[in-house]
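First the structure, in the form of structure tokens, and then the observations on it.
Protein chains: 2
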Amino acid sequence: MFDFDKIDKTIHEKGRLGIMTLLAVRTSWTFQDLKTELKMSDGNLITHLRTLHDAGMVAVTREILDRPQTSYSLTAKGRAAFQEYLVVLEQIITAGKPKP
Amino acid sequence: MFDFDKIDKTIHEKGRLGIMTLLAVRTSWTFQDLKTELKMSDGNLITHLRTLHDAGMVAVTREILDRPQTSYSLTAKGRAAFQEYLVVLEQIITAGKPKP
DNA sequence: CGCTAAAACTTTGCCTTGCAAAGTATATCT
DNA sequence: AGATATACTTTGCAAGGCAAAGTTTTAGCG
Numbered sequence: 093m094f095d096f097d098k099i100d101k102t103i104h105e106k107g108r109l110g111i112m113t114l115l116a117v118r119t120s121w122t123f124q125d126l127k128t129e130l131k132m133s134d135g136n137l138i139t140h141l142r143t144l145h146d147a148g149m150v151a152v153t154r155e156i157l158d159r160p161q162t163s164y165s166l167t168a169k170g171r172a173a174f175q176e177y178l179v180v181l182e183q184i185i186t187a188g189k190p191k192p
Numbered sequence: 093m094f095d096f097d098k099i100d101k102t103i104h105e106k107g108r109l110g111i112m113t114l115l116a117v118r119t120s121w122t123f124q125d126l127k128t129e130l131k132m133s134d135g136n137l138i139t140h141l142r143t144l145h146d147a148g149m150v151a152v153t154r155e156i157l158d159r160p161q162t163s164y165s166l167t168a169k170g171r172a173a174f175q176e177y178l179v180v181l182e183q184i185i186t187a188g189k190p191k192p
């Protein structure tokens, strides 16, 4: 009936879901902006980012401007995986909404 | 920008999300049906059900028919919590969908 | 050059959680 | 009584999240 198996655990975890959603909205985010938006500790955020990076979903861009500054964005794979994930969410919403 | 804090951890976990979704679709499910549908082990399923029950989201009905048979359904609180959860999912979908 | 400060990590350690496998209890049918 | 199915409980392990503190890298300033 539902493809719960399709739910990617890498994406589904609360913290990383936040990251993925933000990266889907805006193509590039700095570490600082993500941190502010998601209210995560440095260690927590970087760990999630690395998990996503290791999974091939997030690209890292190291730049040195005013200050050292690292940016993060979705890879093609990451974007595709997220879209897949959204499909399941849509199934859930369709199922969960009260019917008339 | 997003209410990620609103994501109820009790519901968000993969296994329990499955249970909640099924209970939202059909008002009552037996242990066996849930087990079959979600392909979970007894121990795993019962633990999640108890977690949801302890959180006041799921009601348990013990009946003895042909065989002993326990059924599960959403409480009002559970239904409300699930609807709240769906709100966040909708935000995520709206955000995540590719724009034209 | 040397100090300070900020960014971006890494490391540590704790604690929760999920999960499967095996065992127990209750009830039915023969 | 014995077999079988349901509905649990217990055990034990392994993975993962998280914060706090420490480390490295880079820039700005005197």
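Line order of the protein sequences matches chains A and B. End of the first sequence sits at 192 in the working numbering; the numbers just go up one at a time, nothing left out. End of the second sequence sits at 192 in the working numbering; the numbers just go up one at a time, nothing left out. Every residue gets a Cβ at the ideal spot worked out from N, C-alpha and C, and that includes glycine. Quick caveat: nothing in here was measured; it's all calculated off a predicted structure.
According to DSSP, residues forming a beta bridge with residue i
i, result
"Glu176/A", "Glu176/A pairs with nothing; no bridge assigned."
"Ala116/A", "DSSP, once it has assigned bridges, lists no residue as partnering Ala116/A."
"Glu182/B", "Paired residues: none, contrary to the question."
"Arg58/A", "There is simply no residue 58/A to check, as chain A begins at 93 and stops at 192 in what is shown."
For residue i, the nearest candidate out of the options (CA to CA)
i, options, result
"Asp146/B", "Thr167/B, Ile184/B, Ile185/B, Leu178/B", "Thr167/B"
"Leu109/A", "Gln183/A, Asp97/A, Val150/A, Lys191/A", "Val150/A"
"Ala172/B", "Pro190/A, Lys98/A, Thr139/A", "Pro190/A"
"Thr143/A", "Glu155/A, His104/A, Gln183/A, Pro160/A", "His104/A"
"Met132/B", "Ile184/A, Phe96/A, Gln175/A", "Phe96/A"
"His140/A", "Tyr164/A, Gly107/A, Thr186/A, Ile185/A", "Gly107/A"
First through last residue of the alpha helix (DSSP H) which encompasses residue i
i, result
"Thr128/A", "123 to 130"
"Thr139/A", "134 to 146"
"Thr167/B", "Element bounds for Thr167/B: n/a, residue is neither H nor E."
"Ile103/A", "101 to 104"
Cβ-based burial, residue i [other Cβ within 10 Å; buried from 16]
i, result
"Gly188/A", "buried"
"Thr113/B", "buried"
"Asp100/A", "buried"
"Val180/B", "buried"
"Met93/A", "exposed"
"Gly148/A", "exposed"
"Gly135/B", "exposed"
"Thr102/A", "buried"
Cβ-heavy atom distance, residue i to the ligand SAM, below 7 Å
i, result
"Asp97/A", "This structure simply doesn't include the ligand SAM, nor any ligand for that matter."
Where residue i meets chain A, residues with beta-carbon distance less than 7 Å
i, result
"Thr197/B", "Nothing can be reported for residue 197/B, as the shown portion of chain B is limited to 93 through 192."
"Phe174/B", "Gly188"
"Val117/B", "Ala187"
Under 8 Å by beta carbon: chain B residues contacting residue i
i, result
"Lys106/A", "Phe96, Ile99, Lys101, His104"
"Leu178/A", "Ile184, Ile185, Gly188, Lys189"
Interface residues of chain A facing residue i [CB-CB closer than 8 Å]
i, result
"Leu130/B", "Phe96"
"Gly110/B", "Phe94, Phe96"
"Leu43/B", "Since the first and last residues shown for chain B are 93 and 192, residue 43/B lies out of range."
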